[in-house]
Every structure is written in structure tokens, then in C-alpha cells.
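Per our numbering, residue 30 is the first one in the sequence shown, and the count goes up by one each step.
We put the CB at the ideal spot given by N, CA and C, even for glycine.
Keep in mind the model is a prediction, meaning the values are calculated, not measured.
Structure, as C-alpha cells:
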Amino acid sequence: MAEPLLIPRPEGLYCPSGNFYIDPSRPVARALITHGHADHARAGHGHVLATRQTLEIMAIRYGKDFAGQRQAYEGPLSVGGVDVSFHPAGHVLGSAQIAITHRGQRIVASGDYARVSNPSCAPFEPVPCDTFITEATFALPVFKHPDPADEMAKLMASMRAAPERPHLVGAYALGKAQRVIMLAREAGYDAPIYIHGALQKLCDYHIEQGIPLGDLRPATMNKAEARALREALVIAPPSAFSSPWVQRFADPVISFASGWMQIRARARQRGVELPLVISDHIDWVDLTRTVREVAPSELWITHGREEALMRWAELEGRVARPLHLVGYEEEPE
């Protein structure tokens with residue numbers, strides 16, 4: 030029997046023929062990384078292959094010595110005799126799917142991905158394959174993400190209705206924060222946007238990469254300055270909302286940008302007054318559409334809500350397999 034091209038191990042997905050891992054959760058000798066979120070891109074590997082932007086994002090987050098060696102992907106190459114290519118994932122800046130091909134078999138590991146318009150990164154590229162490895166974060170028929178522009182219109186309407194209250198939006202540091210800022214700019218909001226200090230370096234990097242975020246100002250201010258802030262949009266990582274930092278602002282409107290805001294109970298648990306259903310992950314409609322487009326004979330599910338997707342695949346006549354990989358969730362803080 031031929032050796033499998035990819036096998037799940039405690040460290041992550043391992044390719045025996047090429048002797049490398051994809052998005053390993055523990056330090057390994059050779060890692061191929063799909064994108065810079067901390068649940069996929071970890072420090073401590075011996076050698077890392079990723080897009081240039083992902084490598085630069087990892088250096089921002091972990092320091093320049095995050096790996097023994099690094100290699101920027103510049104086109105199809107062979108790793109240990111296995112053909113490897115990276116393709117846009119539409120998730121965050123630098124994000125990519127990784128296609129590996131060996132002895133006539135192709136597997137595509139999509140990492141995290143999305144099919145909605147995102148000015149910060151190239152759109153998702155369907156890659157036909159024998160096996161497609163997908164996330165299942167929102168893999169239930171109930172999840173159909175609304176148009177992000179409509180969600181941003183809710184925020185703009187709230188700011189007009191309550192100009193005396195600053196609006197504080199929780200958004201993950203890589204990808205979501207910049208997406209909220211760009212959506213606000215696209216909606217015509219040209220006033221300064223205040224950002225928590227934890228977002229500064231990644232926002233600066235997006236600007237360096239030619240992504241127009243407009244006038245950004247620090248939201249790390251003293252209590253008197255914060256309480257005087259009115260009619261302002263403030264972006265911060267979710268962790269800041271459970272810290273004393275948020276108490277500096279006078280009667281803020283607390284908002285949170287996430288696909289999970291579709292679940293009202295989650296919004297209430299977080300004390301969110303203005304939930305914004307803005308996600309960088311695939312929803313049910315686009316997930317099933319994507320599987321039909323890439324047309325794999327097998328579907329592997331890395332993490333999330335796998336039961337409904339496995340049943341759907343069965344009805345579609347495809348083999349589906351849950352990988353039960355641990356350590357992959359929405360961006361940790």
C-alpha cells in the first residue's frame with residue numbers, strides 16, 4: 030500500500046514524503062504556514078516556508094528570530110520531492126492555501142479562508158484537487174454571513190444616533206481590525222479612527238503594504254483624555270474589553286465584529302450592545318459552494334462544526350473525514 034501523502038499527528042498535518050508539516054501546533058523541523066494567525070503560525074520551528082507577508086507578520090508578532098530559517102514562497106517548488114504551491118485564501122493579508130502534489134495525487138490545505146470581498150488580501154482561488162482540507166468554524170446551515178457593508182451601515186447609524194458616546198469595536202489584531210477600518214472608510218467615514226496600542230504595529234504594516242487605513246491615532250490615553258472623547262470610533266482587541274483600559278471611556282457603545290455575533294447569546298455574554306456580524310471565515314453557503322467548485326473526492330475537516338458538513342458531504346457522494354486536530358480556533362488574544 031502506498032504511503033499516505035498527509036497524515037494527522039499530534040504536531041499537526043505531516044507529509045512523510047516531503048518530511049514537513051502544515052500549520053503545526055508544536056515546534057517542528059520544517060513547517061509550511063498558511064497565514065499569520067497565532068493558532069496556525071507559531072514560533073520555534075527550525076525552517077518555515079510561507080508567503081513573504083506571512084513571514085513578515087510572524088516577525089512582527091514573535092520577533093525576528095521566530096524560526097531557525099525562513100523561506101518566502103516565490104512560486105511552485107519541490108520540498109523533499111513533493112510539489113508545493115501556494116494559492117490565495119482570501120482570509121487575511123498574506124494568507125494562502127497550500128497545495129501539495131505527489132505521484133498523481135493533489136491535496137489542498139486551505140487553512141482559514143473566505144469568499145467575501147476583502148481589500149487587504151487577494152481573493153480566494155479555487156484549486157481542483159483530490160482531497161480538500163477545510164475548516165468548519167461556521168459549518169452549520171444557520172450561518173449565512175450578511176453583507177459586511179450592511180453591518181458597517183449599522184455602526185455608522187449608531188454613531189449618528191448617539192454622537193455623545195464613543196463607539197468601541199472589538200476586533201482581532203490581525204485582519205479583522207484592519208477590515209473594520211477599511212469598511213468604515215468605504216462607508217465614507219474619514220474622521221480619525223483611534224486604535225489600541227496592541228493594533229499599532231500590524232496597522233502600520235498594512236499601510237506599508239499599500240492598504241489605505243486613513244488617519245489612525247492612538248487610543249492609549251489617560252483617563253481625562255478618554256472621558257473627553259466623544260463622537261469617536263475606537264478599535265481594540267477583544268481582550269482589552271476585560272481590562273481597566275475600557276473603563277477610561279465615558280458611557281461607550283460596546284461593539285464586537287465577529288461571525289459569532291449572529292448568535293445573540295454570545296453577544297449578551299460579552300456585554301455587546303452593538304453586534305456586528307463581520308467574519309473572515311467561510312459561511313455555510315460559500316463553504317458548500319467551494320467544495321463543489323474544487324470537486325474533491327475526499328473532504329477532510331480540521332476544526333469546527335463537523336457533523337453537518339459530514340452529513341452534507343455524504344449526501345453529495347463524497348467521503349468526509351474529521352481530523353480532530355486541536356489548537357485551531359478563532360484568533361486567540
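Its Cα nearest to that of residue 128, the residue 154 stands out among 309, 253, 154 and 236. Taking C-beta atoms under 8 Å as the contact rule, residue 99 and residue 84 qualify, at a distance of about 5 Å. Judged by DSSP secondary structure, residue 114 falls within the beta strand (DSSP E) whose first and last residues are 111-117. Distance from the CA atom of residue 260 to the CA atom of residue 39, rounded to whole angstroms, is 49 Å.
Shown here, residue 345 sits in a helix according to DSSP, grouped into three states. Judged by DSSP in its simplified three-state form, residue 91 adopts helix. Ranked by Cα distance from residue 133, the first of 109, 313, 159 and 50 is 159. Judged by DSSP in its simplified three-state form, residue 164 adopts strand. Scanning the region 248-318 for uninterrupted alpha helix (DSSP H) segments of 4 residues or longer gives 252-256 and 293-298, listed from N- to C-terminal end. Residue 126 carries a strand assignment under DSSP once its states are collapsed to helix, strand and coil.
Three or more Cβ pairs closer than 8 Å define a contact, and the region 202-211 meets that threshold against the region 112-124. Excluding residues up to 5 positions away in sequence, 349 lie with their Cβ nearer than 8 Å to the Cβ of residue 343 in the same chain. In this structure, residue 265 and residue 199 form a Cβ contact; the two beta carbons are roughly 6 Å apart against a cut-off of 8 Å.
Sequence-distant partners of residue 187 (beyond 5 residues in either direction) whose C-beta falls short of 7 Å from its own C-beta, in its chain, are 196, 282 and 303. Taking 3 residues as the shortest admissible run, the region 39-99 contains the following complete beta strand (DSSP E) segments, listed from N- to C-terminal end: 41-44, 49-51, 59-61 and 74-79. For residue 236, the enclosing alpha helix (DSSP H) covers residues 229-237. Here residue 208 is buried, its C-beta having at least 16 other C-beta atoms within 10 Å.
The three-state reading of DSSP puts residue 189 in helix, counting H, G and I together. Using a Cβ distance threshold of 9 Å, residue 172 and residue 288 count as a contacting pair. Between the alpha carbons of residue 95 and residue 193 lies a gap of roughly 44 Å.
Within the model, the alpha-carbon separation for residue 177 versus residue 238 is close to 23 Å.
Between the alpha carbons of residue 117 and residue 60 lies a gap of roughly 18 Å. Judged by DSSP secondary structure, residue 106 falls within the beta strand (DSSP E) whose first and last residues are 106-108. Non-local beta-carbon contacts of residue 231 in its own chain, meaning distances under 6 Å to residues more than five positions away in sequence, involve 202 and 203 in chain order. With fewer than 16 other Cβ atoms inside 10 Å of its own Cβ, residue 36 counts as exposed.
By the C-beta density criterion, residue 251 is exposed, having fewer than 16 other C-beta atoms within 10 angstroms.
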